[in-house]
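Residue numbers (numbering that gives the first Met the number 0): 0 to 160.
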Amino acid sequence: MIADSLSNMETYPIFSADKFKVAFDWIKQHTDDTPGTGVHNLDFDVRIIVETYKPVPIGSKDFETHRRYIDIQYLVEGIEWLFWTKPLNLAVTKPYNEKKDIEFFGCADPFDKASCIRLENDVFVALWPGDWHMPSIAPTLDGEQIETVEAVLKFVAKIPV
0 MIADSLSNME TYPIFSADKF KVAFDWIKQH TDDTPGTGVH NLDFDVRIIV ETYKPVPIGS
60 KDFETHRRYI DIQYLVEGIE WLFWTKPLNL AVTKPYNEKK DIEFFGCADP FDKASCIRLE
120 NDVFVALWPG DWHMPSIAPT LDGEQIETVE AVLKFVAKIP V
């Protein structure tokens with residue numbers, strides 16, 4: 000997992016590979032001129048998902064992981080928390096779906112099991128297969144939302160491994 004500013008992505012040698020370059024170039028080109036929501040297919044079997052939604056309270060989501068794709072998540076507008084951890088001994092809530100390349104693991108309170116990353120404009124996170132993550136969480140403390148978040152606009156690049 001890598002979390003950093005989009006302006007620093009060129010400092011990571013791995014991101015110079017063609018499939019990463021095409022994804023980051025697309026993200027940079029579309030942050031000010033955002034296309035509609037949906038899936039955008041790029042070269043090297045890379046696809047970008049453009050989505051808008053309202054982040055949810057802690058306890059509303061499970062950890063997820065992928066096997067065949069790297070996620071690059073980038074918020075164009077809004078703020079959300081993303082929790083990250085190495086694989087844990089947690090119950091599977093939804094078994095692996097090969098078509099969607101996703102598996103879910105239950106965790107009502109990620110604070111004692113994971114690191115929290117604040118995603119906002121100019122911050123990206125790259126998640127490799129096996130990186131457990133819980134995105135789309137509203138900034139919350141003791142059950143109270145601590146920042147007003149109406150909706151976010153997010154790009155998720157799916158990079159095949």
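Cβ atoms here follow ideal geometry from the backbone N, Cα and C, with glycine treated the same way.
Note that this is a predicted model, so its numbers are computed, not measured.
Spatial neighbours of residue i in its chain, beta-carbon cut-off 8 Å, leaving aside the 5 residues before and after
i, result
"Pro86", "Thr64, Gly129 and Trp131"
"Pro34", "Val49"
Counted within 10 angstroms of its Cβ, other Cβ atoms place residue i as buried (16 or more) or exposed
i, result
"Asp70", "buried"
"Val151", "buried"
"Lys99", "exposed"
"Pro12", "exposed"
Proximal residues to residue i (C-beta, below 6 Å), its chain only, five neighbours per side dropped
i, result
"Lys153", "Glu50 and Leu74"
"Leu126", "Met0, Asp70 and His132"
"Gly58", "Ala107"
"Val148", "Pro54, Gly77, Ile78 and Ala137"
Residue i versus the options, residue with shortest Cα-Cα distance
i, options, result
"Met0", "Val21, Gln28 and Cys115", "Cys115"
"Phe19", "Arg66, Val55, Asp44 and Val122", "Asp44"
"Leu140", "Pro109, Phe123, Lys157 and Val155", "Pro109"
"Glu79", "Ile136, Lys112 and Ala16", "Ile136"
"Pro54", "Arg67, Phe82, Asn40 and Asp3", "Phe82"
"Pro159", "Asp42, Leu5 and Asp32", "Asp42"
"Leu5", "Ile101, Asn40 and Gln72", "Gln72"
DSSP-derived helix/strand/coil call for residue i
i, result
"Glu76", "strand"
"Ile69", "strand"
"Met8", "helix"
"Ile145", "coil"
"Ala2", "strand"
"Pro109", "helix"
"Val38", "strand"
"Ala164", "Residue numbering for the chain in the displayed model covers 0 to 160; residue 164 lies beyond these limits and cannot be assessed."
Rounded separation between residue i and residue j - CA only
i, j, result
"Asn120", "Thr30", "9 Å"
"Glu97", "Arg46", "17 Å"
"Trp25", "Thr10", "18 Å"
"Asp17", "Asn40", "15 Å"
Spatial neighbours of residue i in its chain, beta-carbon cut-off 7 Å, leaving aside the 5 residues before and after
i, result
"Gly105", "Asp61, Leu89, Ala90 and Thr92"
"Gln28", "none"
"Phe23", "Met8 and Phe14"
"Thr36", "Val49, Glu50 and Thr51"
"Glu146", "Ile78 and Pro138"
Heavy atom of the ligand GTP within 7 Å of residue i beta-carbon
i, result
"Cys115", "Because no ligand of any kind appears in the structure shown, any question about the ligand GTP cannot be addressed here."
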